[in-house]
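Each residue of the sequence shown is one higher than the one before, counting from 1 in full-length UniProt numbering.
Worksheet for the structure shown next.
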Amino acid sequence: MKATHGGRARYHHGDLRNALIEAAIELAALGGPEKVVLREAARTVGVSPTAAYRHFGGHGDLLEAVKVRGQQALADSMAEAVAALPGLDDPGEEAERTAKAIGRGYLRFALDQPGLYRTAFCRTPLDEEDDFNGLQAPDRPEFAAFVLLSEALDALVAAGRMRPENRPGAEAAAWSSVHGLALLILDGPLARLPGEERDAVIEGTLATLVAGLTR
1 MKATHGGRAR
11 YHHGDLRNAL
21 IEAAIELAAL
31 GGPEKVVLRE
41 AARTVGVSPT
51 AAYRHFGGHG
61 DLLEAVKVRG
71 QQALADSMAE
81 AVAALPGLDD
91 PGEEAERTAK
101 AIGRGYLRFA
111 LDQPGLYRTA
121 FCRTPLDEED
131 DFNGLQAPDR
141 PEFAAFVLLS
151 EALDALVAAG
161 RMRPENRPGA
171 EAAAWSSVHG
181 LALLILDGPL
191 ARLPGEERDA
201 VIEGTLATLV
211 AGLTR
């Protein structure tokens with residue numbers, strides 16, 4: 001679908017909409033949501049802006065598509081971190097390790113793909129029309145990361161490691177803790193930490209978070 005010519009991906013045939021989204025993902029990876037521009041995506045794949053506007057009503061529609069892809073990539077990173085865990089016979093220990101792995105995969109994506117990570121959480125015009133409803137729309141890809149977190153918390157309760165009365169609203173506490181750490185590392189004072197110290201902070205934060213959830 002794509003060929004490289006003069007440093008640019010050129011669109012030849014097939015799914016133009018998807019080609020534009022892929023180009024926009026590359027733009028987001030380079031500079032975050034501000035770099036996602038429909039005309040630039042069209043230029044990258046070698047089509048006219050007019051052709052691009054046949055598939056997207058405007059910048060907001062393209063940005064929303066990239067945001068959804070970013071959320072799915074985030075969820076994939078979380079799932080991969082869980083899949084890499086060794087099997088355990090103790091359900092409680094497995095639930096705690098899974099919860100930590102969920103956070104580890106989240107942070108790994110944020111640090112490896114900061115531009116796409118920021119785009120995954122940017123505001124788009126569609127946000128004004130669509131309330132966050134991850135629990136009632138679990139099959140939507142933009143809620144995949146939230147669903148993985150919810151399932152990990154449910155597993156802590158099922159394994160007897162988390163008290164049922166502490167379960168309601170636990171997603172917000174866990175999510176904000178890990179998301180806040182990601183921003184401190186990307187844009188705040190923790191950005192200056194050497195790699196080993198940064199990793200130690202990540203592991204310490206995840207251990208503290210899970211300890212708080214299971215107290």
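For every residue, glycine included, the Cβ atom is placed at its ideal position computed from N, Cα and C.
The structure displayed is predicted, hence computed values, not measured ones.
What is the residue span of the alpha helix (DSSP H) that residue 112 lies within? 91 to 112
I'd like the list of long-range same chain contacts for residue 75, defined as Cβ closer than 7 Å, with 5 residues on each side in sequence excluded. 144, 145 and 148
DSSP-derived helix/strand/coil call for residue 159: coil
So, at 6 Å on beta carbons, what are the nonlocal neighbours of residue 186 in its own chain, with the 5 sequence-adjacent residues on each side left out? 114
Just tell me which of 189, 102 and 65 has its CA closest to the CA of residue 83. 102
In this structure, does DSSP put residue 205 in helix, strand or coil? helix
With DSSP run on the structure shown, which of helix, strand or coil describes residue 88? coil
From residue 168 to residue 150, what does the alpha carbon distance come to, in whole angstroms? 10 Å
I'd like the span of the alpha helix (DSSP H) that includes residue 54, first residue to last. No alpha helix (DSSP H) holds residue 54; DSSP gives it neither H nor E.
Distance check for residue 172 and residue 31, CA to CA, integer angstroms please. 28 Å
Would you decide whether residue 93 is buried or exposed? Buried here means 16 or more other CB atoms lie within 10 Å of its CB. exposed
Taking C-alpha atoms, which residue in 85, 123 and 98 lies nearest to residue 62? 123
Check whether the Cβ of residue 86 lies closer than 7 Å to any heavy atom of the ligand ZN, and answer yes or no. For the ligand ZN, the structure offers nothing, since it holds no ligand at all.
Round the Cβ separation of residue 213 and residue 201 to the nearest angstrom and send it over; I've been treating them as touching at under 8 Å. Not quite, the Cβ-Cβ distance comes to about 19 Å (not below 8 Å), so this is no contact.
In the DSSP assignment, find the unbroken alpha helix (DSSP H) run with residue 173 in it and report its ends. 170 to 187
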